[in-house]
Amino acid sequence: QVQLVESGGGLVQAGESLRLACATSRSIFRDESIGWHHQAPGKPRELVAGITNGGSTYYATSVKGRFTISRDNAKNTVYLQMNSLKPEDTGVYYCNTPDRVAGDAWGQGTQVTVSS
(Lines of atoms letter the chains of each structure in order from A and count residues from 1; the text may use other names and numbers.)
(Lines give C-alpha, C1' and ligand atoms only; values in the text may rest on other atoms or scores of the structure.)
Protein backbone atom coordinates (compact mmCIF):
# COMPACT_ATOMS: atom_id res chain seq x y z
CA GLN A 1 0.00 0.00 0.00
CA VAL A 2 1.63 3.18 -1.23
CA GLN A 3 1.27 5.96 1.30
CA LEU A 4 3.80 8.53 0.05
CA VAL A 5 3.98 9.54 -3.60
CA GLU A 6 6.77 11.70 -4.96
CA SER A 7 6.51 13.97 -8.00
CA GLY A 8 8.06 17.04 -9.59
CA GLY A 9 11.41 15.80 -10.81
CA GLY A 10 12.86 16.63 -14.19
CA LEU A 11 15.85 17.71 -16.24
CA VAL A 12 17.23 21.18 -15.56
CA GLN A 13 20.45 23.09 -16.07
CA ALA A 14 22.79 23.99 -13.26
CA GLY A 15 21.56 27.04 -11.38
CA GLU A 16 17.90 26.38 -12.10
CA SER A 17 15.16 25.33 -9.68
CA LEU A 18 12.69 22.51 -9.15
CA ARG A 19 9.96 21.88 -6.60
CA LEU A 20 9.33 18.32 -5.52
CA ALA A 21 6.07 17.24 -3.91
CA CYS A 22 5.33 14.37 -1.53
CA ALA A 23 1.64 13.56 -1.27
CA THR A 24 0.65 11.41 1.66
CA SER A 25 -2.28 10.31 3.78
CA ARG A 26 -3.88 12.57 6.35
CA SER A 27 -2.75 10.36 9.24
CA ILE A 28 0.89 10.25 8.17
CA PHE A 29 0.95 13.98 7.48
CA ARG A 30 -0.62 14.75 10.85
CA ASP A 31 1.41 12.38 13.01
CA GLU A 32 4.83 11.86 11.50
CA SER A 33 8.03 13.58 10.47
CA ILE A 34 8.79 13.39 6.76
CA GLY A 35 12.18 13.55 5.12
CA TRP A 36 13.51 13.90 1.61
CA HIS A 37 16.30 11.46 0.74
CA HIS A 38 18.66 11.76 -2.22
CA GLN A 39 20.21 8.77 -3.95
CA ALA A 40 22.95 9.75 -6.36
CA PRO A 41 23.96 7.19 -8.99
CA GLY A 42 25.94 4.38 -7.39
CA LYS A 43 25.61 5.80 -3.88
CA PRO A 44 23.40 5.07 -0.86
CA ARG A 45 20.44 7.21 0.01
CA GLU A 46 21.16 10.31 2.06
CA LEU A 47 18.70 12.37 4.10
CA VAL A 48 18.93 15.91 2.77
CA ALA A 49 15.96 17.61 4.45
CA GLY A 50 13.31 16.78 7.01
CA ILE A 51 10.33 18.38 8.69
CA THR A 52 8.50 17.33 11.83
CA ASN A 53 4.74 17.41 12.22
CA GLY A 54 5.36 20.52 14.34
CA GLY A 55 7.23 22.26 11.55
CA SER A 56 10.84 21.97 12.77
CA THR A 57 13.25 21.47 9.92
CA TYR A 58 16.58 19.81 9.24
CA TYR A 59 18.95 20.29 6.30
CA ALA A 60 22.10 18.48 5.31
CA THR A 61 25.10 20.73 4.96
CA SER A 62 25.22 20.06 1.22
CA VAL A 63 21.82 21.68 0.62
CA LYS A 64 21.57 24.25 3.40
CA GLY A 65 20.74 27.66 1.95
CA ARG A 66 19.61 26.18 -1.38
CA PHE A 67 16.77 23.80 -0.48
CA THR A 68 13.65 24.56 1.54
CA ILE A 69 11.26 21.97 2.94
CA SER A 70 7.69 22.95 3.76
CA ARG A 71 4.28 21.51 4.55
CA ASP A 72 0.87 22.26 3.04
CA ASN A 73 -1.70 21.31 5.65
CA ALA A 74 -4.63 21.62 3.26
CA LYS A 75 -3.13 19.19 0.75
CA ASN A 76 -1.33 16.73 3.07
CA THR A 77 1.75 17.42 1.00
CA VAL A 78 5.38 18.11 1.83
CA TYR A 79 7.40 20.13 -0.68
CA LEU A 80 11.11 20.43 -1.35
CA GLN A 81 12.00 23.65 -3.12
CA MET A 82 15.41 23.18 -4.72
CA ASN A 83 17.20 26.31 -5.91
CA SER A 84 20.66 26.84 -7.39
CA LEU A 85 20.79 23.21 -8.45
CA LYS A 86 24.17 21.61 -9.05
CA PRO A 87 25.13 18.55 -11.12
CA GLU A 88 25.85 16.70 -7.86
CA ASP A 89 22.19 17.08 -6.91
CA THR A 90 21.39 14.61 -9.69
CA GLY A 91 19.69 11.41 -8.57
CA VAL A 92 16.44 9.97 -7.36
CA TYR A 93 14.64 11.77 -4.56
CA TYR A 94 12.42 9.89 -2.14
CA CYS A 95 10.20 11.12 0.66
CA ASN A 96 9.70 8.90 3.65
CA THR A 97 8.97 8.63 7.35
CA PRO A 98 11.50 7.41 9.91
CA ASP A 99 9.56 4.19 10.55
CA ARG A 100 9.41 3.31 6.86
CA VAL A 101 13.11 4.08 6.47
CA ALA A 102 13.86 1.69 9.33
CA GLY A 103 11.77 -0.96 7.59
CA ASP A 104 13.46 -0.26 4.25
CA ALA A 105 10.11 0.52 2.61
CA TRP A 106 10.49 3.03 -0.19
CA GLY A 107 8.31 4.45 -2.94
CA GLN A 108 9.19 5.01 -6.59
CA GLY A 109 10.93 8.30 -6.04
CA THR A 110 11.28 11.08 -8.58
CA GLN A 111 14.29 11.57 -10.85
CA VAL A 112 16.19 14.85 -10.85
CA THR A 113 18.87 15.43 -13.46
CA VAL A 114 21.00 18.58 -13.40
CA SER A 115 23.15 19.20 -16.43
CA SER A 116 26.27 21.34 -16.28
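Sequential numbering from -8 applies to the sequence shown in our numbering. All C-beta atoms in this analysis are idealised placements derived from N, C-alpha and C, irrespective of residue type, glycine included.
Asked: Exposure label - Glu(-3); buried when at least 16 CB within 10 Å; Found: buried
Asked: Contact test: Ile19 Cβ vs the ligand ATP heavy atom, cutoff 7 Å; Found: By its list of ligands, the structure shown contains no ligand whatsoever, and the ligand ATP lies outside what it can speak to.
Asked: Those residues which DSSP pairs with Ile60 across a bridge; Found: Leu71
Asked: Identity of the residue in Asp80, Gly56, Glu7 and Trp27 nearest Trp97 by Cα; Found: Trp27
Asked: Between the CA atoms of Leu11 and Gln102 - distance to the nearest angstrom; Found: 10 Å
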